[in-house]
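J.: Before anything else, here's the structure in question.
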Amino acid sequence: MEVIIRPGPEQTAQLAALFIAHEIKQHSKLVLGLATGRTMERIYAILVNMHKNDGLDFSKCYSFNLDEYIGLPTENKNSYRSYMNYHLFHHININMINTHVPNGMAKDLKAEAKNYEKQIQKLGGIDLQLLGIGETGHIGFNEPLSALMSRTRDKSLTPRTRKQNAEMFGGDPNKVPTRALTMGVGTILEARSILLIALGKSKASILAKAIEGPITSMISASALQLHSSCKILVDETAASNLSGRKYYDWVFQNEPEYAHYR
Ligand code: GLP
């Protein structure tokens, strides 16, 4: 794992977009694992700009989103399918047929979850997985006590997560759905590489626990310590509780892999 700290949210999002663009250019076919949330909005906006101004080509990309609320029709503006269309898909040249978001309206959620995993396998697995982090330490919607080997399934959301996401539902946590379909921690760990982005003071405490604390199912993001190719990209405020900060900066300044990005 490497932790890269940038001064502010814009610089952090910019670097995340550069990493993603690099992967897109390297692969003739790229399977992206995509995330939602406010953090990703900045990154998607930069990717859209790169497509419009620099010709970044998404035509050979496939995508699988991490999660979807259960019970929200896709046309609801708060569904993650709507989010993805609005912030990314409708502004780039990805083939919509190649974009996948779990169907939170499926009658048989277990079958939907199983089929989602099958589709990921059929395309050869996820090459690059983007992640945010929730205040409960969730990745996707893997709330505390999610098994570290869990697969795509339906999951109840904690009151804290519903409160965190209430802003998009007119500020009322009771309007946030109670359940979601989410890739499991085990599904996420199978991605070939992972990029987690965290911005802002509200993430500082949970981020330090996830990166520097013990691996525990109480904090799903701590499972990323097991992954062999994982970058954590954060701004100053999100990094403020990290104790190994000096070393992380040293690695970023000295790893040849980052020469182009410094
Ligand atoms: C939701 C998503 C997570 C995401 C989190 C962070 O809960 N299910 O995948 O990481 O939001 O959201 P934000 O970026 O708005 O802080």
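85 is the number of the first residue of the sequence shown in our numbering; add one for each residue after it. All residues carry an ideal CB built from backbone N, CA and C; glycine is no exception. Treat the numbers as computed from the prediction; the structure is a model and nothing was measured.
1) Give the DSSP-derived three-state secondary structure of ARG90 in the structure shown.
2) In the structure shown, what three-state DSSP assignment does ASN182 receive?
3) Please report how far the alpha carbon of ARG276 lies from the alpha carbon of GLY117, in whole angstroms.
4) Residues in the same chain with beta-carbon distance under 8 Å from ALA250, minus the five sequence neighbours each way, listed in chain order, please.
5) Check for me: the alpha helix (DSSP H) holding ALA292 runs from which residue to which?
6) Output the distance between the C-alpha atoms of LEU232 and ASP238, rounded to the nearest integer angstrom.
7) Report yes or no: do the stretch 170 to 186 and the stretch 113 to 129 share at least 3 C-beta pairs separated by less than 8 Å?
8) Pick out the complete alpha helix (DSSP H) segments inside the stretch 150 to 230, 4 residues or longer, and give them in chain order.
9) Do you know how far the Cα of GLU86 is from the Cα of GLY29?
10) Could you give the residue range of the beta strand (DSSP E) that holds GLU117?
11) Within its chain, find whatever has a CB closer than 8 Å to the CB of LYS293; leave out the 5 residues flanking it on each side and keep chain order.
12) So, LEU291 versus VAL318, is the Cβ gap smaller than 9 Å?
13) Less than 8 Å between the CB atoms is what I'm expecting for GLU107 and GLY209, so what's the real figure, rounded?
14) CB of GLN248 to nearest heavy atom of the ligand GLP: below 8 Å?
15) So which residues touch the region around the ligand GLP, with touch meaning a C-beta under 6 Å from any heavy atom?
16) To which residues of the same chain is MET124 closer than 8 Å at the C-beta, ignoring the five residues directly before and after it?
17) Terminal residues of the continuous beta strand (DSSP E) containing ILE316?
T.: Well, looking at it:
1) Looking at ARG90 - three-state DSSP - the assignment turns out to be strand.
2) helix
3) For ARG276 and GLY117, the distance between alpha carbons rounds to 10 Å.
4) ASP256, PRO257, LYS259, VAL260
5) 288 to 296
6) 15 Å
7) yes
8) Segments of the alpha helix (DSSP H) lying fully in the stretch 150 to 230: 164 to 171, 193 to 206.
9) The requested residue 29 is not part of the displayed model; the chain covers only 85 to 346.
10) Correcting the residue type first, residue 117 is Gly in the shown sequence and not Glu. It spans 114 to 118 - the beta strand (DSSP E) in which GLY117 sits, taken as one unbroken run.
11) Its chain contains GLY221, ILE303, SER306 as the residues whose beta carbon lies nearer than 8 Å to that of LYS293, once the 5 sequence neighbours on both sides are disregarded; these appear in chain order.
12) A contact, by the Cβ cut-off of 9 Å.
13) GLU107 to GLY209, Cβ: 14 Å. No contact.
14) yes
15) ALA119, THR120, GLY121, ARG122, THR123, LEU150, ASP151, GLY216, ILE217, GLY218, GLY224, PHE225, THR245, ASN249
16) LEU118, HIS171, LEU214, GLY216, ILE281
17) 314 to 319
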